[in-house]
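Before any comments, here is the structure.
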Amino acid sequence: ICPQATAEIPRNVGHPLASARRLIELLGHQYPDHTLHVVGDAAYASQALRGLPDNITWTTRLRKNAALYRLAPARTGRRGRPRTKGNRLPQLAKLAVSMPWAAAEVTRYGTTTAVELAHRQCLWYTPFGPQVVQLVMVRELSHTGYDVALVSTDLRATAPEIVERYASRCRPLDTPVPR
1 ICPQATAEIP RNVGHPLASA RRLIELLGHQ YPDHTLHVVG DAAYASQALR GLPDNITWTT
61 RLRKNAALYR LAPARTGRRG RPRTKGNRLP QLAKLAVSMP WAAAEVTRYG TTTAVELAHR
121 QCLWYTPFGP QVVQLVMVRE LSHTGYDVAL VSTDLRATAP EIVERYASRC RPLDTPVPR
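So in UniProt numbering, the last one in the sequence shown is 179, and the numbering has no gaps at all.
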């Protein structure tokens with residue numbers, strides 16, 4: 001490891017996610033012309049993720065009790081502080097019923113499968129603040145409701161790309177490693 005980079009590794013900064021964010025920001029600073037796609041489980045979502053640089057995207061699983069909000073309404077032209085978030089969206093189970101679903105093929109863990117996807121833009125204010133995120137809900141074709149809900153700060157990625165990106169974060173133990 002480069003001694004200069006080692007000196008910049010944060011130590012004892014509190015939450016482990018704050019250390020991870022600092023390391024990722026160092027990488028983003030070293031490669032400003034590249035987009036870094038970071039993927040983590042729901043445990044890796046806290047206020048330490050607010051204000052990520054433009055060249056870093058974060059994709060994570062959404063907690064079942066996550067409070068999602070509509071985008072902030074346009075300014076009214078009246079005095080006072082503008083709203084930073086819109087009305088609260090329903091809980092995920094109710095939201096899954098009202099969202100339009102579309103069939104798609106995604107590659108997860110080395111296998112291409114047909115699933116149904118629903119997606120929309122919203123705010124997950126607790127970890128990301130006023131940054132717009134993309135919510136992607138996934139379910140198997142034979143299921144109702146939803147199986148997994150993902151959220152990503154990458155607004156340019158398609159819903160299948162976000163699912164594949166999240167699935168690439170690790171391999172299940174029973175999946176053979178390609179040689």
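Where is the CB? At the ideal position from N, CA and C, for every residue including glycine.
Short of 6 Å from the beta carbon of Val163, and not among the five residues preceding or following it, lie these beta carbons of its own chain, in chain order: Val106 and Val138. By the beta-carbon neighbour count (other beta carbons within 10 angstroms, threshold 16), Thr113 is exposed. The C-beta of Leu117 has 16 or more other C-beta atoms within 10 Å across all chains shown, which makes the residue buried. Contact check for Val133 and Thr153: beta-carbon distance about 6 Å, within the 8 Å limit, so the pair qualifies.
Taking C-beta atoms as the reference points, Gly86 and Tyr69 count as a pair closer than 9 Å. A straight line joining the alpha-carbon of Leu135 with that of His29 spans about 27 Å.
The DSSP-derived three-state label of Leu117 is strand.
Membership of His37 in the beta strand (DSSP E) is indicated by the continuous run Leu36 to Gly40. Inside the stretch 126-168, DSSP marks whole alpha helix (DSSP H) runs of 4 or more residues at positions 159-167, from first to last along the chain. Put simply, the backbone Cα of Val38 is about 19 Å away from that of Gln121. For Ala102, the enclosing beta strand (DSSP E) covers residues Ala102 to Arg108. Linking Ala42 to Leu17 through their CA atoms gives a straight-line distance of about 12 Å. Counting only the Cα atoms, Ala67 lies some 20 Å from Pro82. For Arg22, there is no enclosing beta strand (DSSP E); the residue is part of the alpha helix (DSSP H) that begins and ends at Pro16 to Gln30. Classified as exposed, Val97 has fewer than 16 neighbouring CB atoms from the shown chains inside 10 Å of its CB. One alpha carbon belongs to Thr35, the other to Arg156, and they sit about 12 Å apart. Residue range Ile56 to Arg61 is occupied by the beta strand (DSSP E) that includes Thr57. For Ala93, the uninterrupted alpha helix (DSSP H) segment begins and ends at Leu92 to Ser98.
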